[in-house]
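Undergrad: Can you read through this structure? Questions will come right after.
And the structure:
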């Protein structure tokens, strides 16, 4: 069976957690920021977990990522 390729776009955007889930950055913080309240922009900082519905797809995109 041939080796699988890691999806390089996904590798740059997602990082595994110690329990095997994936972390991602939050969206909506790139432009048009003057119309968004300070509180909303503050809550969009940092990372959040990828939803359970997308976890199977993440495992296909990043086949060789072990638990951190």
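Numbering (my numbering), first residue to last: 7 to 74.
For each residue, glycine too, the CB sits at the ideal point set by N, CA and C.
Are there 16 or more other CB atoms within 10 angstroms of the CB of residue 9, so buried, or fewer, so exposed?
TA: For the purposes of this step, residue 9 is taken as the residue at position 3 of the chain shown. Its Cβ having fewer than 16 others within 10 Å, residue 9 is exposed.
Undergrad: Beta-carbon separation of residue 47 and residue 35 under 8 angstroms?
TA: Numbered from its first residue, the chain shown carries residue 47 at position 41. Numbered from its first residue, the chain shown carries residue 35 at position 29. Yes; because the gap between Cβ atoms is below 8 angstroms, this pair is in contact.
Undergrad: Between which two residues does the alpha helix (DSSP H) containing residue 17 stretch?
TA: Numbered from 1 along the chain shown, position 11 holds the residue referred to as residue 17. Counting along the chain, the alpha helix (DSSP H) containing residue 17 begins and ends at 14-19.
Undergrad: Residues in the same chain with beta-carbon distance under 7 angstroms from residue 71, minus the five sequence neighbours each way, listed in chain order, please.
TA: By 1-based counting over the chain shown, the position of residue 71 is 65. Answer for residue 71: 22, listed in chain order.
Undergrad: Per DSSP, which residues does residue 10 bridge with? Please list them.
TA: Numbered from 1 along the chain shown, position 4 holds the residue referred to as residue 10. Its beta-bridge partners do not exist; DSSP assigns none.
Undergrad: Roughly how many angstroms lie between the CA atoms of residue 52 and residue 7, to the nearest whole one?
TA: Counting from 1 along the chain shown, the entry for residue 52 is found at position 46. Counting from 1 along the chain shown, the entry for residue 7 is found at position 1. Their backbone Cα atoms lie some 39 angstroms apart in a straight line.
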